[in-house]
Structures are given as C-alpha cells and as structure tokens.
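Here's the structure, in structure tokens; my notes come after.
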Amino acid sequence: MTPDKTTADVPSVRVWKKPPFIANPWVRYGLMAVTLIYLYWAFSTLPFNWTRIAEGLPRAAQIFGGAFPPSFERGGLLWTGFKESFQIAFLATLLGVFLSVPIAVMAARNVAPLPVYLLGRTIIIISRSFHPVIVAILFVAAVGFGPLAGILTLTLYSIGFVAKLLAEEIEEIDWGQVEAMRSVGAGYLKMLVYGVFPQIMPRQIGLSMYQLDSNLRASAVVGIVGAGGIGGTLMNAFGRYDYDFAFAILLMIIGIILVSEGISGWVRKKVW
Amino acid sequence: MLEITNLEKRYGRNDPVLKGLNLRVEGSSVVSIVGASGAGKSTMLRCINRLVEPTSGSIKLNGHELVNLRGSELRRARRRIGMVFQGFNLIDRLSVMENVLSGRLGYVSFFQALTRRFPQSDIDRAFSLMERVGIAHYANKRADQLSGGERQRVAVVRALMQEPEILLADEPTASLDPKTSQQIMSLLQTLASEMSLPVLINIHNVTQARMYTDRIVGMRHGQMIFDGAPKEFNQDALDAIYGGIESPEEDGADPEHQTTQEALA
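Chains A and B, in that order, are what the protein sequence lines are.
Reading the first sequence from the start, the letters are residues -12 to 259 in this note's numbering.
Reading the second sequence from the start, the letters are residues 4 to 268 in this note's numbering.
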C-alpha cells in the first residue's frame, strides 16, 4: 500500500490489526490445510470400532456401578499391600538418593574428567530411557515376583531423575568456593565435602522429598506388573471383579498421595 | 622469600598475559600490585598457588620450586600459601567456625574433615585468630549472614589458619565500601607485621596502596613497569601504568560509543 492510497482511503481513522503469527500467507494457509488433511487421514485409517465402543459403554457403567459403595471390608489386605508399597518406596528412595550423589558428581562436567563424565552421563541416560513399568517387567523376569523387583526398579528410576538434576546443580555452583578450598590445599574429596556439597544441599533435600513422593505413586504402578506392593492387590481385585474393593484401593492411593504431597511441600519450604 | 623468575602465562594461542615477569619479595613486607584490568595481576597471583598453571618460568617460595609440583606435593605447598579473594569465597551455608577451620583442610584427614573433628590445637588457634579480628562471637553463625567486612575477616582468618608462609590477596577490598575496605587494608598491614608474613595485594585503589603497603609494583601488559616505595609512586608512574587506557567512565570519546550512537540515530 502506498502512502497516497492510505490517506485517500482512510483520511482520519488509522486502522490497526494484529499482524498474523505466520507472516507468509502461503505457509500460513498451507499449514492449516496440512493439519486438516492429517486429521482426516488419521481418523479414517485408525481402527476405531464404534460398535464395540458402544457396547463397552454400558459395561463401563456396570463397573462403576459395582464400585459403589467402595468396600473397606478386607482392610487387612489393604493394609499389607500399602505397607509393602511404603517399604518399597522408602527403601528405593534411600538407596536411589544415596547412589545418585556419586553418579551426579561423575556426571558434572566441572568436577569430573571427560571419561568419568561420559560414564556418569551414560548411567543417567540408561536409567532414564525406560518407563518404570518396563524396567519392572525386566526386573520381575530377572529376580522374580515380589518387592525386590519393585525396589530395584524404583532405585533405578530415582537415580535417573535425582542424579540428572543434581549433576546440573553441581555444574551451576559458585566456583569461587571450590577455588578457595583448592587454595587451602584440600584434596578432591575434601573439596567436594566443603566446596560442593553445602552448595547443593537444599536442592538435594528437595529432590529427595519429591522423589519419595514420586516413588510412592510409582510403587503402586509397578505392583501391577508383579513387583510387589498395593499394585498387585489392585490388579487382583480387578481380576476377581471386586470393583468395590478396587475402588477402595484407588481412594486410598489418592488419599496417601495427597498427604505425602502436603508433607513434602512443607518440608521443602522449610529447607529452602 | 618469594622469587618469581621469567614467569610467562598464555591462555591458548592468544598473546601471553604474563611476559617474562620477575619479582622478588624478601622478608615480611606488604607489597601492593597495581595495574589496569587485564594487566595480569590476578593471573600472577594465581600462578603462585597454581590455581592458574604458568606456561613457563619459575616461582620459588623459601627456596622450594612451586612450578611443576603435582598431586599431594602441590597440595602440601598450597597449604603454606594463604589466599584472600575479592568475592570472599566463603562456604556460604556453613558456619563461620567451619569456614575458619576449613583453612586446616590441608592438614587433617578426610574423616576428620567430614565429621568436623578438628584437633584441639586447631580450634584454639581458630578462636584466638577470630578474637584478634573481632569475629569470635559469630562462630556458630552461618557465613552468609555476615556483612561484607565481616566476611572478609573470616576469609583472612581462614587463610591465616593455614599457618601460611605468604599471604596472597586478590583485590580483597574491591567488593567493600570505602570505610570497610580501609579497615581490611589496615588489618592486613598489622597482621603482616605481627606475624612477620609477606603479603601480596592486588589492588585498584592507588591511594590505599600508598597508605597501607611498603612497596608498590606496577604492571602493564603482563610486564612490571614500576617497582618502588610508595613515595616514589608519582604521577608519571601512574600515567605509565594507567595512561592511554580507555576507562568505561570516558564516554563519547571511544569508537564503540560512536557506533552505538550512530546506530541509534
């Protein structure tokens, strides 16, 4: 538009419109077209069996109907299941957090030489690559059904998460404190204990609390594939059509997660 | 006695930061090193305790060669060299006492360091030094709760805990207000004479260098261009050290500013 034309068309009112997010009109409309075509293609080729879905709906309603009211009659079973889940989660958190400290040091570029750094990173990447459920299936196959498989799974899961974030924290520390410790003649381990660990301590405690929280949740899931804990109880309840008992377990899980979330949030606030 | 001969340091393939530097510090004198930013003052100081690796040359402390030391030998040499930093470099989350005792890390075992079970003699030394600089009542306070001047006192005590044969101070007052920085300078001066300890101080403040030190060394472009008593340090020496170097305060004159202004116009 030339200035002459603008003044001729709209002499007094200046018009403003938000410029389009994608400036090039070809790209803009092209992207919209591609999205629409993809959606059409995806819905027309994926095998949604609408008759089966229609048949399934009343069955879902029946399950939910059977779940009301939740039954806490078998409280003993509920209690043993949760107790085991707690034990798994606590042990795995302790073990995982404890092991993640040296691995985090290995995986922090500023305090580890290159080969050690690569090894540390590899350990972290491997323990992060698979979802706990897949890891649990492997461990159940390796060490059999039961809580040991759950503990190993969640330990690995904790290492992957805590060590990664801790390593990043170590890479961001104030290097001056490390230099000061080197200048007094401290060796590597003393330098870590005085120059590095105090700086990452709040983060470490916060991460441990978060991980405990997360392990409690995950311990219920890995139980489904046979790694011990409440997940197994839940699976059995479903298998035997005890929907009211299953619903009671789900309610308990929600309640426990809420409580643990509250506690860990409170602790983290205190530490910071 | 500290004896630096033909010290050279270059980072990567760049021009050397230190070009054949020679310096002798005898007895227990307080020496200030002045020079513009980038003159190599900090690099020289850090070469002495090997926080920076010198490229070539020799540094001898009381007859012992420091260049080429490795591993435990290097650590044993470092514990005899105290260092005070511009940013204090205290362990913020530990108590003042732990910070002070960390000056003994080169002497105690790892287990003692981990469990904070330092020998009684170290604890006695810590208390008497802290009393000397007036921070003993902070012993159990966290280091980050102290003011700047107090924190630098903690850092000085930490360095003295090492029973050093020399004290290096890398712009110890640059993060402090004028009054506190004078206090720290005079503290360094009196401690040096009390303990008959040679002190090397990198400093920007020429007035303070004149006031609190026995000898001034001027550096420019990695070389020593002035060495003498404070009263010999006149305007000519000042111009030789700082002259012709654009300081950030001068605006408009240097080409970078002009391009910015042109770009804005």
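C-beta atoms are modelled at their ideal positions from N, C-alpha and C, and glycine is treated no differently.
- Within chain A, no C-beta atom comes nearer than 8 angstroms to that of S196/B; the closest sits roughly 23 angstroms away.
- For the segment 213 to 244 of chain B, the set of positions with a beta-carbon nearer than 9 angstroms to some beta-carbon of chain A is empty.
- Secondary structure at Q226/B: strand, using DSSP grouped into helix, strand and coil.
- Beyond the five residues adjoining it in sequence on each side, L108/B comes within less than 6 angstroms, by CB distance, of A116 in the same chain, given in chain order.
- Residue range L5 to K12 is occupied by the beta strand (DSSP E) that includes E11/B, with no alpha helix (DSSP H) assigned at that position.
- Excluding five sequence positions before and after A214/A, the CB atoms of its chain that fall closer than 7 angstroms to its own CB belong to A123, F126, V127, A136, G137 and T140, given in chain order.
- Closest in C-alpha terms to L64/A, from the list S247/A, M239/A and K256/A, comes M239/A.
- Along the segment 70 to 157 of chain A, the alpha helix (DSSP H) occurs as fully enclosed runs of 4 or more residues at 101 to 116, 119 to 130 and 134 to 145, listed in sequence order.
- A Cβ of chain A is located within less than 8 angstroms of the beta carbon of N52/B.
- According to the DSSP assignment, S195/A belongs to the alpha helix (DSSP H) that extends over F184 to I211.
- Taking 9 angstroms as the cut-off between beta carbons, none of the residues of the segment 57 to 88 of chain A comes near chain B.
- Bounds of any alpha helix (DSSP H) do not take in K144/B, whose DSSP letter is neither H nor E.
- The Cβ of Q186/A sits closer than 8 angstroms to at least one Cβ of chain B.
- According to the DSSP secondary-structure assignment, S199/B is paired through a beta bridge with no residue.
- When Cβ-Cβ separations below 8 angstroms define contact, A95/A makes no contact with chain B.
- Straight-line measurement puts the Cα of E101/B at about 26 angstroms from the Cα of L48/B.
- DSSP places N223/A in the uninterrupted alpha helix (DSSP H) bounded by I217 to G226.
- Under the three-state reduction of DSSP, I84/B is assigned to strand.
- Excluding sequence positions up to five before and after G252/A, its CB lies less than 6 angstroms from no other CB in the same chain.
- Three or more pairs of CB atoms, one per stretch, sit closer than 8 angstroms, so the segment 189 to 207 of chain B contacts the segment 33 to 50 of chain B.
- Residue D230/B holds the alpha-carbon nearest to the alpha-carbon of L24/B among D230/B, V33/B and K234/B.
- Considering only N237/B, R223/B, G246/B and D242/B, the residue with the shortest C-alpha distance to K44/B is R223/B.
- Residue state for I36/B is assigned as strand, using DSSP reduced to three classes.
- When the five nearest sequence neighbours on each side are left out, the beta carbons in the same chain lying within less than 8 angstroms of the beta carbon of I111/A are those of I90, A94, I146, G147, A150, K151 and A154, in order along the chain.
- Taking a Cβ-Cβ threshold of 8 angstroms, none of the residues of chain A is close to N65/B; the smallest such distance is about 16 angstroms.
- For chain B, the residues of the segment 136 to 169 of chain A that bring a beta carbon within less than 7 angstroms of one of its beta carbons are G163, Q164, E166, A167, M168 and R169, in chain order.
- For S199/B, same chain residues with a beta-carbon under 6 angstroms away, outside a window of 5 residues either side, are S31 in chain order.
- If you check the CB distance, E71/A and G216/A come in under 8 angstroms.
- Between Q238/B and V171/A, the C-beta spacing is not below 8 angstroms.
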